[in-house]
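K.L.:
Dropping a structure here in structure tokens format, bear with me for questions.
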Amino acid sequence: MEDGETNKDVEVAPALIAVQPNQRSVAVAVGADLRVFNLHAGSAASLVDESGSSFHKDFIRAIRFGAKGKLFVSSGDDKIVKIWSVEYWRCICTVSSEKRVTAVAISNDGSYVCFADKFGVVWVVDLTGYDGNQPLVNKKATPLLSHYCSIITSLEFSLDGQFIVSADRDFKIRVTVFPSNPINGAHEIQSFCLGHTEFVSCVAFVQAQDYPHGLLISGSGDSTVRLWDIVSGALLDTCEVATKAGLLESNNDKSEERDHAVTDLCTILDGLLIAVAIQSFQGIVLLKCNPATRTLSVSKLVSIEGGAFVPTSLGNGASTGILWMVTGVSNLPGSSCPSFARVRAISGFDVEQEPTVVEHDKIPGGEQLLENLQGSASVDDAVFLAAAEAVKTAMCNLLIKKQYPAENRESKKRTRNDKKFKL
Amino acid sequence: MPETEVNPTISKSTGLPRKRFYRARAHSNPLSDSHFPVPISPSHVDHSLHYPQYFPSSGQADSCKRIQFADIGCGFGGLLLSLSTLFPETLMIGMELRDKVTEYVKERILALRAANPGQYQNISVVRTNSMKYIPNYFEKGQLSKMFFLFPDPHFKEKNHRRRVISPHLLDEYAYALQVGGIIYTITDVEELGDWMKSCLENHPLFEALSKEELEADPVVQLLSSATEEGQKVARNEGQTFQAVFRRIASSDQTS
């Protein structure tokens, strides 16, 4: 039973970041805290929630801006999905979920909000015809599709909005036709993208000629990033990022692979580059996707000097050339500070320049932004490394099947309480 | 001395495995984490292990033969054996979650192949959780028939999500079935029969077969007669409830 106990000790949630498509605001979630900084006004946005409840009561697991930047969704372990109108940061709709929420997505036209729960069911909330003024009451979610009892790690709409992509811990990516009336469910599966040998942690789309839906890229616990054609489900290329980045020997064993799990992916400048966060790397790996040859290659490694910064989440405001990163954790067992985060940014992705980590005082929004999004507590580097370690363990516990050695399994069988012993 | 060849689990008179050495619990939890090997994708399924006569060497992907029938929860394999002789040129596979039962079917097929040279080469069995791993075994539209005979009824409402026929799982079965492919379900539990029928009726990618089509289909007769469960129901003079539906093309036009 010692497994169960260690499990509880490291139940932590990584800090998350999301950037509005036109980079007007940046949102960071740490634990149950949601912090938003309005870059346009140069000040923190104050969130208004007329439903009376105190925002989120438990770890936030997913935050996301809509493609048009008008809507924002936050959700997590408190089984509450909050849909915000970004203009005045007003919560327009609160939907309850039966289970903890693990991923959210907003349809490209902003008409539907989808969220996935821990039992593998994706739900849809209908916002069609909503004008953005009055709060919506008594909105209910209807089931859209389901991965049979597998935690869904990521949800994403294809670039043309025709498909919804869901990735899970069972190495699987499902591509489903997003129907004209999703309230009746999405029953037509276009393809499955199969090839990962560990949990899939994140997916994103890259623009490419001849692929109106976009090309799909996915990151996984098997320390690879893969490129897919979602129409056929064909695996186009596999990039062993951890090996290519020199973090991992090529003839590795499985347990070592997991140390270099890909935690997040983010496309920059419409997919010109792909930023990849790896669990063991203080910085990011930049990949290039060549749509003509349909290949992925490592373009550059950007390490973040000093400060023990292992990004837990990446964000990018679509057309802007700034990559936002956050590291942090909801609560760290044995640490005095309850939750903390650090925000950094990388700029200079344009063809001519070298990508560089932006100094604290040069970051858009400046010190004010950092103070707002990070919280004021000053935290030691060692604590950040401990946090990165805690996030890693929590992720492995959540997404990797427990392996019991043979003798352990026998003892479990012997102590099974449903078995009647013959004396 | 012939004693070296005596295996107590094999019947001396028929050469077939004896069921009493393969007793298994009636239920298995489909929700639990699986620890048996699962192919990464359908192209990783090694056909030479299952159908050595059709696929002499492993890794030979150029053979055009593909598995076309899947018996989900095949139990002791009665249906597979009947179908094997009825469709001798069609590859079919039974999928069963319970390890011991799978072993029994495996032995049974091997014994039958040995006793009837040239026959029973088109059937095989695999231990897997078909509620989770259908896409790992079959390409889109690969199957022409799927069978769900006498599945676990899971009476409690809390456990309805463990039922092998459910609105969401039908999406995956529709994916594996080709348009025009047929899904066969039968049970002796009226409540489950109603459930399976209503799930299929409410699914946009399935339509019921007409009475004439049901009568013309030789497989329908086998549903209640070929399986061990069906024979048990017949012995007890119980009722059965079947639902047979066809996979149809999607009518939803997303522009």
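Taken in sequence, the protein lines are chains E and R. In terms of our numbering, the first sequence opens at residue 1 and continues consecutively. In terms of our numbering, the second sequence opens at residue 424 and continues consecutively. Think of the CB as a built atom: it goes at the ideal place given N, C-alpha and C, for glycine as much as any other residue.
Hey, L144(E) and I92(E): beta-carbon distance below 9 Å or not?
P.N.:
Taking 9 Å as the Cβ cut-off, L144(E) and I92(E) do not qualify as a contacting pair.
K.L.:
Flag K392(E) as yes if its beta-carbon sits less than 9 Å from any beta-carbon of chain R, otherwise no.
P.N.:
Taking Cβ atoms only, chain R never reaches closer than 9 Å to K392(E), which makes this a no.
K.L.:
How about C396(E): is its C-beta nearer than 9 Å to some C-beta of chain R?
P.N.:
No - not a single Cβ of chain R is within 9 Å of the one on C396(E).
K.L.:
For E198(E) and D170(E), what's the separation of their Cα atoms in angstroms?
P.N.:
Answer to the nearest angstrom: the Cα atoms are 7 Å apart.
K.L.:
Check Y445(R) in the structure and name its three-state DSSP category.
P.N.:
Of the three classes helix, strand and coil, the one that applies to Y445(R) here is helix, per DSSP.
K.L.:
Are three or more beta carbon pairs between the segment 627-638 of chain R and the segment 657-670 of chain R nearer than 8 Å?
P.N.:
Because the criterion of three Cβ pairs below 8 Å is met, the segment 627-638 of chain R and the segment 657-670 of chain R touch.
K.L.:
Taking a cut of 9 Å between CB atoms, which residues from the segment 135-155 of chain E lie near chain R?
P.N.:
Against chain R - using a Cβ distance shorter than 9 Å - the residues of the segment 135-155 of chain E are P143, L145, S146, H147, Y148, C149 and S150.
K.L.:
In chain order, what residues of the segment 523-555 of chain R put their CB closer than 8 Å to some CB of chain C?
P.N.:
The chain labelled as chain C is not found among the protein chains of the depicted structure, namely E and R.
K.L.:
Give the secondary structure of Q403(E) by DSSP, where H, G and I count as helix, E and B as strand, and everything else as coil.
P.N.:
The answer is coil: DSSP assigns Q403(E) none of H, G, I, E or B.
K.L.:
Can K99(E) and K82(E) be called in contact, C-beta distance under 9 Å?
P.N.:
No, the Cβ-Cβ distance between K99(E) and K82(E) is not below 9 Å.
K.L.:
Whole angstroms are fine: how far does the CA of D77(E) sit from the CA of Y130(E)?
P.N.:
Roughly 27 Å between the two C-alpha positions.
K.L.:
Spatial neighbours of T176(E) within its chain, please: C-beta separation below 6 Å, excluding the five flanking residues on both sides.
P.N.:
These residues qualify, in order along the chain: L145, I164, A186 and I189.
K.L.:
Along chain E, which residues have their Cβ under 9 Å away from the Cβ of A597(R)?
P.N.:
Within chain E, the residues near A597(R) are H187, E188 and I189.
K.L.:
Rounded to the nearest angstrom, what separates K422(E) and K412(E) at their Cα positions?
P.N.:
Here the model assigns K422(E) a pLDDT of 44, short of 50, so the residue's position is not dependable, and the following value carries that caveat. About 18 Å.
K.L.:
Which parts of the segment 184-242 of chain E are runs of the beta strand (DSSP E), unbroken and 3 residues or longer, counting only runs that do not cross its ends?
P.N.:
Segments of the beta strand (DSSP E) lying fully in the segment 184-242 of chain E: 189-194, 200-208, 211-220, 225-229 and 234-239.
K.L.:
Residues in the segment 69-103 of chain E with C-beta within 9 Å of chain R's C-beta atoms, listed in sequence order?
P.N.:
From the segment 69-103 of chain E, no residue has a Cβ closer than 9 Å to chain R.
K.L.:
Out of curiosity, what's the CA-to-CA distance linking V329(E) and G31(E)?
P.N.:
Cα to Cα, the separation comes out at about 7 Å.
K.L.:
If contact is defined by three or more beta carbon pairs under 8 Å, each pair taking one atom from either stretch, is the segment 515-527 of chain R in contact with the segment 542-552 of chain R?
P.N.:
At 8 Å Cβ cutoff, the stretches touch.
K.L.:
Just how far apart, CA to CA, sit G564(R) and I557(R)?
P.N.:
Each residue's alpha carbon lies about 12 Å from the other.
K.L.:
Residues of chain R with CB under 9 Å from D399(E), in chain order?
P.N.:
Just to set this straight, residue 399(E) is Leu in the shown sequence, not Asp. Result: empty, since nearest Cβ-Cβ is about 11 Å, beyond 9 Å.
K.L.:
Taking just the CA atoms, how far does A345(E) sit from A388(E)?
P.N.:
Those two C-alpha atoms are separated by around 18 Å.
K.L.:
For my contact list, Y477(R) and L514(R) are in at a C-beta cut-off of 8 Å; report their separation, rounded to the angstrom.
P.N.:
That pair is a contact at about 7 Å.
K.L.:
CA-CA distance, R226(E) and D617(R)?
P.N.:
Taking the straight line joining both Cα atoms gives about 43 Å.
K.L.:
Which residues in the same chain as R174(E) place their Cβ atom closer than 6 Å to its Cβ, once the five residues preceding and following it in sequence are excluded?
P.N.:
These residues qualify, in order along the chain: S166 and F192.
K.L.:
With a cut-off of 8 Å, do at least 3 Cβ pairs link the segment 646-657 of chain R to the segment 560-579 of chain R?
P.N.:
Touching, per the Cβ criterion.
K.L.:
Taking the straight line between their C-alpha atoms, what separation do you get for I433(R) and R441(R)?
P.N.:
About 6 Å.
K.L.:
Kindly say whether K655(R), judged by its beta-carbon, lies nearer than 9 Å to any beta-carbon of chain E.
P.N.:
No, its Cβ sits nowhere closer than 9 Å to a Cβ of chain E.
K.L.:
Considering only the alpha carbon of each residue, which of A15(E), F37(E) and L16(E) lies closest to Q23(E)?
P.N.:
Nearest of A15(E), F37(E) and L16(E) to Q23(E), Cα basis: F37(E).
K.L.:
Would you give the residue range spanned by the beta strand (DSSP E) that D453(E) belongs to?
P.N.:
With chain E covering 1 to 423 only, the question about residue 453(E) has no answer from this structure.
K.L.:
Who pairs with Q665(R) in a beta bridge, going by DSSP?
P.N.:
Paired residue(s): I609(R).
K.L.:
Are the Cβ atoms of P21(E) and G321(E) separated by less than 9 Å?
P.N.:
Contact flag unset, no.
K.L.:
If we cut at 9 Å on Cβ distances, does P405(E) have a partner in chain R?
P.N.:
Not one chain R Cβ lies under 9 Å of P405(E).
K.L.:
Would you kindly work out how many angstroms separate the C-alpha atoms of D109(E) and T128(E), rounded to a whole number?
P.N.:
Answer to the nearest angstrom: the Cα atoms are 9 Å apart.
K.L.:
Should A29(E) go down as buried or exposed, given a rule of 16 or more other Cβ atoms within 10 Å for buried?
P.N.:
Per the 10 Å Cβ criterion, buried.
K.L.:
Output yes or no for whether 9 Å exceeds the beta carbon distance between L682(R) and L535(R).
P.N.:
An answer regarding residue 682(R) cannot be provided, because it is not within the stretch 424 to 678 covered by chain R.
K.L.:
Could you give the DSSP three-state label for K300(E): helix, strand or coil?
P.N.:
Strand, per DSSP.
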